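As numbered in our numbering, residues 4 to 246 make up the sequence shown, in order. Even glycine gets a Cβ: it sits at the ideal position worked out from N, Cα and C. Just so we're clear, the structure is a prediction, and the values are computed from it rather than from any experiment. Inspection log for the structure reproduced underneath, given as structure tokens.
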Amino acid sequence: ERVDGDAGGFEWQRQSGHALGDLRSDIHCWKVKLQAPPVFVTDGSKGCFRTANGGQQRIYDCTPIGGAPGDYFDTGQTTGNESAYRNIPIGAGQELHVTFVAADPNPEDQVTLFVLEDPGVPPNMVVGRSTCTVHSEAQYICLARDEVTSEYPNQNYTIDYYSAGASPCQRATLKLTWTPADTDVGQSFKVCVIARDDSSLCEGQGPPDATSRGWFGETHCVVITVTPPDLAWLAEPAAAFPP
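Pasting the structure below:
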């Protein structure tokens, strides 16, 4: 029913413009919930490497990424990106510890890490369980804020640490432990890990890796090369016979 001027009508019927009788409907709003799969995270130097026990242990306590330290690769994912894979040399008898760390942009999602059967793992490598990192209310999580400023659509989007409430498993780790044997010398082994969250909101909405069990994120790999021993004299050998 058309309402002219200031004549009656229902409460939800509002005049617009200069009271020319044009009607507008109720206001309808939509809240857009951004979703994204988990990604692997590392430290600022991409090294996350230290030695222990007199050099007999090589420990990577965060996701080791390829490339020079501080030189972050520009591709969106590490999947299939050989330049992102870290080449780890290790000698026979040395103990290797590699930790993969993945986080989801959505703090309410829970992340799980899996080792891919193809290419698998070296003989006798120990694969730990995917372990959650629990965030309390007082802790901060790295998030992109969903904010629109007066400069939209030319505004710059920033990522910083914000309090997103408690998160049971927005971040997860998986640890690999291996001591190569003498028979492994001269061989290289690629080990790949994939991260998945537990959100099914994007199933059937376009992303092929979004399933009813969760959204599979990127795949990240390390290439472990077992090197032969490097022999060198530490001191001049004693003469076999006196001069």
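Using the beta-carbon count (16 or more within 10 Å), is residue i buried or exposed?
{"i": "N109", "result": "buried"}
{"i": "P125", "result": "buried"}
{"i": "T230", "result": "exposed"}
{"i": "D77", "result": "No answer about D77 holds up, because its pLDDT of 46 lies below 50 and its placement is not dependable."}
{"i": "D200", "result": "buried"}
{"i": "V196", "result": "buried"}
{"i": "H31", "result": "exposed"}
{"i": "D185", "result": "exposed"}
Report the three-state DSSP secondary structure of residue i (helix, strand or coil).
{"i": "A184", "result": "coil"}
{"i": "S191", "result": "strand"}
{"i": "A39", "result": "coil"}
{"i": "S86", "result": "helix"}
{"i": "H31", "result": "coil"}
{"i": "V124", "result": "coil"}
{"i": "A1", "result": "Nothing in the structure corresponds to residue 1, since the chain is present only between 4 and 246."}
{"i": "A198", "result": "strand"}
{"i": "A105", "result": "strand"}
{"i": "V130", "result": "strand"}
{"i": "T214", "result": "strand"}
What first and last residue would you give for the beta strand (DSSP E) that runs through residue i?
{"i": "C224", "result": "217 to 230"}
{"i": "Y63", "result": "60 to 63"}
{"i": "C135", "result": "134 to 138"}
{"i": "L234", "result": "Here L234 belongs to no beta strand (DSSP E), and DSSP marks it neither H nor E."}
{"i": "T115", "result": "115 to 118"}
{"i": "A55", "result": "52 to 55"}
Are the beta-carbon atoms belonging to residue i and residue j less than 8 angstroms from one another?
{"i": "F43", "j": "T82", "result": "no"}
{"i": "W181", "j": "P40", "result": "no"}
{"i": "A105", "j": "G220", "result": "yes"}
{"i": "K193", "j": "C224", "result": "yes"}
{"i": "C135", "j": "A175", "result": "yes"}
{"i": "I91", "j": "V226", "result": "yes"}
{"i": "T228", "j": "S191", "result": "yes"}
Sorry if obvious, but does the Cβ on residue i come closer than 7 angstroms to a heavy atom of the ligand HEM?
{"i": "G189", "result": "Absence of the ligand HEM is noted for the structure shown, with no ligands found whatsoever."}
Inspect the CB distances between the region 203 to 214 and the region 53 to 61 and report whether three or more fall short of 8 angstroms.
no
Please determine if the region 113 to 125 and the region 87 to 100 are in contact, where contact requires at least 3 C-beta pairs separated by less than 8 angstroms.
Per the Cβ contact rule, the region 113 to 125 is not in contact with the region 87 to 100 (fewer than 3 Cβ pairs under 8 angstroms).
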